[in-house]
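Student: First the structure, which I've put down as structure tokens, then a few questions once you've had a look.
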Amino acid sequence: MSWLTAFIAWLGEFFGDPESWSGPGGIPARLLEHLEFSALALALAVLVAVPLGLLIGHTGRGELVVVVSANLARALPTLGLLVMFVLLLGAGSIWPVIIPLVLLSVPPILVNTYEGIKGVDPELRDAAYGMGLRGAQVLMRVLAPVALPLILLGCRLSAIQVVATTTVAAYTGLGGLGRYVIDGFATKDYASVVGGSVLIVLFALVVQAAFAVAQRVTVSPGVRQRTKVG
Amino acid sequence: MITFDGVSKRYPDGTVAVDRLSLEAPTGEITVFVGPSGCGKTTSLRMINRMIDATEGSILLDGEPVQGIDPPTLRRGIGYVIQQAGLFPHRKIVDNIATVPYLLGWDRKRARARAMDLLERVGLDPALAERYPFQLSGGQQQRVGVARALAADPPVLLMDEPFSAVDPVVRTSLQDELLRLQAELNKTIVFVTHDIDEAIKLGDRVAVLRVGGRLAQLADPKTLLSEPADDFVREFLGRDRGIRRLQFVPTEGLRLRTDLTVEQGAERGTSEPWLLVVDAESRPVGWASRERPGELEPYGTFVYGRDSMRAALDAALLSPSGCSVAVDERGKVVGVAARDALDQALAEAADG
Amino acid sequence: MGDGPPSIWEWIARNWDTGRVDSISNLLTDHLTMSLVPILLALLAALPLGLACVRWRWLYQPTAGLFNVVYALPSLPVFMLLISVTGLSQTTVIIPLAFYGTAVLIPAVVDGLNSVPDHVRQSAVAMGFTPLRRLLLVELPIAVPVVLAGLRVVAVSSISLVSVGALIGQGGLGGLFTRAYQNPFMPPVIVGIVLIVALALVADGFVVLAQRLLTPWVRARKGQGT
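Printed below as a string of structure tokens:
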């Protein structure tokens, strides 16, 4: 178990060093950066994917877009996409990195929103129309609230993806917690690698927990359903 | 009144769901569309509130063609009840019932008060108001479905196989509840079912549709049972048409004997083979036969004047005496219908 | 072509099989190993775990919860943390990918087995199938479509995820991306992306083919158009 003692030593070295906690390279600053980039990318993805998913699910038009984007997003290597955008657009700003982050996080939200709306019991849709709700009212008052667990699942999967990809994006110069890992690995500073990795893992778990809470708060007790991974 | 005037529904692939249907569903009555699957009964119903648009002909609502009314506006004025109730799972029962009032812009308090009122009207505990649909049984959900359809007090109610997904006992109670409500509310109801017994029980008028969407017969239930228009209707009505027709024959004219009852403990004063023993409040206790005076045999009762001849005959068949006991609404014996009286009534029923 | 930068085809031809470890053909082989092994491991782990979760229902919530957490862990820090245990080897990439795959496959196995209609199960019992025969001959075949739908997701995402391993020097074709970034040059990136997507498509195709062979009745039913 020699690796365990080394592991603990590295953690002590990283978290015990006052240097780690201050300045632009300090943990608070890096954490905030990671949060900012992830939140920005996720917010943009939600803005694009939720309305699009609602619309495609409701009208049944453009279903091919959903299927293709879902498969493509899974198959496309994130690192390759990041490198490609940075080579194409230059490394001057955060956008060459944010764009692929958004592109990769749209499909999970899109697919789940679409599936959520599509999967609403046809009887329910029928009853809603039959009582005189208009198309938009049916979508917003009935279909969307019933599909909310799946829409949130999509957002959660995207958040997982974004946190991971933001980490990888440190390789192409983006800030955030990934810097500790990438820079530490390059300079053989294993305390930094291990400490950074632990921070990222904790960050991902907190994000996951935040979504679980959001689900509790926003989903009607009448439609809580089992959600699954994938 | 709802008027179908030469209404057809043809799909692009050539199938005809409804074929030149013309009929009227009179105001304040229950009109039942009944027929085998594929007869277009649901399609016909859904053309009334424009869930489906007719390809030919017109449907008039109190003289006004529905095709000229904006569908959501039209539907807010028509109650709609479907098979699985179609309750919104994310809203509490009270808010489900208040859906249409909210849509019509009622203020929240008034809409909820109306919903609570209706909850009781359809026979549900007001405590259910704050529950979610999944917490209710199928029968309770269906009652909520009816309450929801009635929320904005629409003159017309469309019911699409509303009771077919619940078990027979619950179904019977829902049917009775509907008849009781209808006696109070006098809505114009169009009711779709594949169950001919339900049609006969609920319908003021029954429209039998055949596959391909053509009207086979439109008549009140009694006429339907006594004079089916053709073999299709006869076969659809099923085997015991004669017996079932008796439920439309009243017992008011039935000749009753009052000399066949004897109070418990009293002397047997006649040589009649069977005597009905009653208690001090003249409720029936059992039949005593001449052969075995010590034993009491089972009896059957019907409410004189309210129940039908079918019930009277059924009561007779339940007892070895072959007679049925006529009681009043409170269960007191008013007389006994003996075999000869039943015979005579049956003969009259068969004639007319 | 003169002295300008080589075209993408020239670049491929020059780097395909140089005999060095970073030739495209070598990277391709590594990539296949590091993605196929975790897929198989995930399947081998998820089948018994899923069966156990169906057999003992109380197991499902905690198991699913645990793997939900595992699934949420970003790959790069997990690779990094594993380095101290398994070193800079392929194993370091294979282990986390196997866990991610298992996380996706367990619910697929459970849903698949739960998709067996109760009357089918009951009639199998009534006809005297032993539990094992019932599982092998009745329940698993009916669960196959759902399980394989999960396997498609696992196959495609494992193949693309391997490339992150390039950041610890074990990324198969992902190595093309790091090479292209250090020495700014587009062709390796394009070749890497195209090859990885192509591999994913082929793997996906194999799973679809397996599904067709294993469940001929699904196609027969579709053919009837019902």
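Protein chains in written order, with the numbering used here: chain A, 1 to 230; chain B, 1 to 352; chain C, 1 to 226. The C-beta atom is built at its ideal place from N, Cα and C for all residues, glycine as well.
#1: Can you tell me where the beta strand (DSSP E) holding Tyr80 of chain B begins and where it ends?
#2: How many Å lie between Arg257 of chain B and Val333 of chain B at the Cα?
#3: Find out if the Cβ-Cβ distance for the pair Thr172 of chain A, Val86 of chain A is shorter than 7 Å.
#4: Is His34 of chain A helix, strand or coil by DSSP?
#5: Take the Cβ of Gln141 of chain B as the centre, count every other Cβ of all protein chains shown within 10 Å, and call the residue buried at 16 or more, exposed below.
#6: Could you please give the first and the last residue of the uninterrupted alpha helix (DSSP H) stretch that includes Lys9 of chain B?
#7: Please list the partners that Arg74 of chain A has in chain C, where partner means a Cβ-to-Cβ separation under 8 Å.
#8: Enumerated in chain order, which unbroken segments of the alpha helix (DSSP H) with a length of 4 residues or greater are wholly contained in the region 207-276 of chain B?
#9: How many Å lie between Lys41 of chain B and Arg10 of chain B at the Cα?
#10: Starting from Gly174 of chain C, find everything on chain A with Cβ-Cβ shorter than 9 Å and list it in chain order.
#11: What are the start and end residues of the alpha helix (DSSP H) that includes Met47 of chain B?
#12: For chain A, find out if any of its Cβ atoms is closer than 7 Å to the Cβ of Ala45 of chain C; answer yes or no.
#13: Please check if any C-beta of chain A sits within less than 7 Å of the C-beta of Pro298 of chain B.
#14: Residues in its own chain within less than 6 Å of Val138 of chain C by CB, not counting five upstream and five downstream?
#15: Need the endpoints of the alpha helix (DSSP H) that Val156 of chain B sits in, please.
#16: Could you check if Leu237 of chain B is buried or exposed, using at least 16 other CB atoms within 10 Å of its CB as the buried criterion?
#17: Distance check for Leu151 of chain C and Leu43 of chain C, CA to CA, integer angstroms please.
#18: Can you give the Cα-Cα distance for Ile193 of chain C and Ser105 of chain A, rounded to whole angstroms?
#19: Just to confirm the assignment, what range does the alpha helix (DSSP H) spanning Phe99 of chain C have?
#20: Can you name, in chain order, every residue of its own chain whose Cβ lies under 6 Å from the Cβ of Ile200 of chain A, other than the five neighbours on each side?
#21: Under 7 Å between C-beta atoms, does Phe15 of chain A make it to chain C?
#22: Work out the CA separation of Leu124 of chain A and Ile27 of chain A for me, nearest whole Å.
#23: The alpha helix (DSSP H) with Pro293 of chain B in it runs from where to where?
#24: Count the other C-beta atoms from every protein chain shown that fall within 10 angstroms of the C-beta of Pro36 of chain B, then say buried if there are 16 or more, exposed otherwise.
#25: What's the gap between the Cα of Ile30 of chain B and the Cα of Met1 of chain B?
#26: Can you tell me which of the three DSSP states Ile94 of chain A falls into?
#27: Taking the C-alpha atoms as reference points, what is the distance between Val16 of chain B and Phe232 of chain B?
#28: Near Phe302 of chain B, what residues of its chain come up, given a Cβ to Cβ distance below 7 Å and the 5 sequence neighbours on each side ignored?
#29: Please confirm whether Ser207 of chain C and Ala155 of chain C have their CB atoms less than 7 Å apart.
#30: Cβ of Ile196 of chain C less than 7 Å from any chain A Cβ?
#31: Given that Ser123 of chain C touches chain A, what residues does it touch there, using C-beta distances under 9 Å?
#32: Are the CB atoms of Pro227 of chain C and Thr215 of chain C nearer to each other than 7 Å?
#33: Assuming Val211 of chain B and Cys39 of chain B form a contact by the criterion Cβ under 8 Å, report the distance between their Cβ atoms to the nearest whole angstrom.
#34: Where Leu317 of chain B and Val336 of chain B are concerned, what is the direct C-alpha to C-alpha distance, given to the nearest angstrom?
#35: Anyone know if the C-beta pair for Ser44 of chain B and Asp5 of chain B falls short of 7 Å?
#36: Quick check on the burial criterion: 16 or more other C-beta atoms within 10 angstroms. Buried or exposed for Asn186 of chain B?
Tutor: Judging by the given coordinates:
#1: To locate residue 80 of chain B, count along the second sequence from 1; it is residue 80. Its beta strand (DSSP E) spans residues Ile78 to Val81.
#2: Residue numbering aside, residue 257 of chain B sits at position 257 when the second sequence is read from its first letter. Residue numbering aside, residue 333 of chain B sits at position 333 when the second sequence is read from its first letter. When rounded, the distance between both Cα atoms is 11 Å.
#3: Residue 172 of chain A sits at position 172 when you count from the first residue of the first sequence. Residue 86 of chain A sits at position 86 when you count from the first residue of the first sequence. Yes; because the gap between Cβ atoms is below 7 Å, this pair is in contact.
#4: Here the question's residue 34 of chain A lines up with position 34 in the first sequence. Residue state for His34 of chain A is assigned as helix, using DSSP reduced to three classes.
#5: Position 141 of the second sequence, counting from 1, holds the residue named residue 141 of chain B. Answer is buried; the Cβ neighbour count reaches 16.
#6: The count along the second sequence starts at 1 and reaches residue 9 of chain B at position 9. No alpha helix (DSSP H) contains Lys9 of chain B, which is instead part of the beta strand (DSSP E) from Ile2 to Arg10.
#7: Here residue 74 of chain A is taken as the residue at index 74 of the first sequence, counted from 1. Those within 8 Å of Arg74 of chain A in chain C are Val153, Val156, Ser157, Ser160 and Ala200.
#8: Entirely contained in the region 207-276 of chain B, the alpha helix (DSSP H) runs reaching 4 residues are, in chain order, 221-226, 231-237 and 241-245.
#9: Mapped onto the second sequence, residue 41 of chain B falls at position 41. Mapped onto the second sequence, residue 10 of chain B falls at position 10. When rounded, the distance between both Cα atoms is 14 Å.
#10: Along the third sequence, one-based indexing puts residue 174 of chain C at 174. Those within 9 Å of Gly174 of chain C in chain A are Pro77, Leu79 and Gly80.
#11: Position 47 of the second sequence, counted from the first residue, corresponds to residue 47 of chain B. Counting along the chain, the unbroken alpha helix (DSSP H) around Met47 of chain B starts and ends at Lys41 to Ile48.
#12: By 1-based counting over the third sequence, the position of residue 45 of chain C is 45. No - not a single Cβ of chain A is within 7 Å of the one on Ala45 of chain C.
#13: Taking the first residue of the second sequence as position 1, residue 298 of chain B is located at position 298. No, Pro298 of chain B does not count as interfacial toward chain A.
#14: Locating residue 138 of chain C in the third sequence gives position 138, where the first residue counts as 1. In the same chain as Val138 of chain C, and ignoring 5 residues on each side of it, the C-beta atoms closer than 6 Å to its own belong to Ala124, in chain order.
#15: Within the second sequence, residue 156 of chain B is the residue found at index 156, counting from 1. That residue, Val156 of chain B, is in no alpha helix (DSSP H); its beta strand (DSSP E) goes Val156 to Asp160.
#16: The count along the second sequence starts at 1 and reaches residue 237 of chain B at position 237. Flag for Leu237 of chain B reads buried.
#17: The residue given as residue 43 of chain C occupies position 43 in the third sequence. The residue given as residue 151 of chain C occupies position 151 in the third sequence. Straight-line spacing of the CA atoms in Leu43 of chain C and Leu151 of chain C works out to 8 Å.
#18: Within the third sequence, numbered from 1, the residue matching residue 193 of chain C stands at position 193. Within the first sequence, numbered from 1, the residue matching residue 105 of chain A stands at position 105. Take the alpha-carbon of Ile193 of chain C and the one of Ser105 of chain A: they are about 18 Å apart.
#19: Taking the first residue of the third sequence as 1, we reach residue 99 of chain C at position 99. Element bounds for Phe99 of chain C: Gln90 to Asn114.
#20: One-based indexing of the first sequence puts residue 200 of chain A at position 200. Around Ile200 of chain A: Thr167 and Leu177.
#21: In the first sequence, counting from the first residue as 1, residue 15 of chain A sits at position 15. For Phe15 of chain A, the answer is no, since every Cβ of chain C falls outside 7 Å of its Cβ.
#22: Residue mapping note: residue 27 of chain A aligns to position 27 of the first sequence, counting from 1. Residue mapping note: residue 124 of chain A aligns to position 124 of the first sequence, counting from 1. In a straight line, the C-alpha of Ile27 of chain A is about 50 Å away from that of Leu124 of chain A.
#23: As a position in the second sequence, residue 293 of chain B is number 293, starting the count at 1. In this chain, Pro293 of chain B is not harboured by any alpha helix (DSSP H), its DSSP state being neither H nor E.
#24: Here the question's residue 36 of chain B lines up with position 36 in the second sequence. Result: exposed.
#25: Numbered from its first residue, the second sequence carries residue 30 of chain B at position 30. Numbered from its first residue, the second sequence carries residue 1 of chain B at position 1. Between the alpha carbons of Ile30 of chain B and Met1 of chain B lies a distance of about 11 Å.
#26: Taking the first residue of the first sequence as position 1, residue 94 of chain A is located at position 94. Of the three classes helix, strand and coil, the one that applies to Ile94 of chain A here is coil, per DSSP.
#27: Here the question's residue 16 of chain B lines up with position 16 in the second sequence. Here the question's residue 232 of chain B lines up with position 232 in the second sequence. So the two alpha carbons sit approximately 19 Å from each other.
#28: The residue given as residue 302 of chain B occupies position 302 in the second sequence. Excluding the 5 residues flanking it on each side, Phe302 of chain B has same chain C-beta neighbours closer than 7 Å at Thr251, Ala311, Ala312, Ala315, Ser324 and Ala326, in chain order.
#29: One-based indexing of the third sequence puts residue 207 of chain C at position 207. One-based indexing of the third sequence puts residue 155 of chain C at position 155. Per the sequence shown, residue 207 of chain C should be read as Val rather than Ser. Yes, these two residues count as a Cβ contact at 7 Å.
#30: Sequence index remark: in the third sequence, residue 196 of chain C carries index 196 (1-based). Chain A, which has a Cβ nearer than 7 Å to the Cβ of Ile196 of chain C, makes this yes.
#31: Against the third sequence, residue 123 of chain C aligns to sequence position 123. Within chain A, no residue has its beta carbon less than 9 Å from that of Ser123 of chain C; the closest one is some 27 Å off.
#32: Beyond the ends of chain C as shown, which are 1 and 226, falls residue 227 of chain C; an answer cannot be given.
#33: The sequence position of residue 211 of chain B within the second sequence is 211, counting from 1. The sequence position of residue 39 of chain B within the second sequence is 39, counting from 1. That belief holds up - the Cβ atoms of Val211 of chain B and Cys39 of chain B are roughly 5 Å apart, short of 8 Å.
#34: Here residue 317 of chain B refers to the residue found at position 317 when the second sequence is read from its first residue. Here residue 336 of chain B refers to the residue found at position 336 when the second sequence is read from its first residue. Taking the Cα positions, Leu317 of chain B is about 14 Å away from Val336 of chain B.
#35: The count along the second sequence starts at 1 and reaches residue 44 of chain B at position 44. The count along the second sequence starts at 1 and reaches residue 5 of chain B at position 5. A distance of 7 Å or more separates the beta carbons of Ser44 of chain B and Asp5 of chain B.
#36: Numbered from its first residue, the second sequence carries residue 186 of chain B at position 186. Residue burial is scored here from C-beta neighbours: Asn186 of chain B has fewer than 16 other C-beta atoms within 10 angstroms and is therefore classed as exposed.
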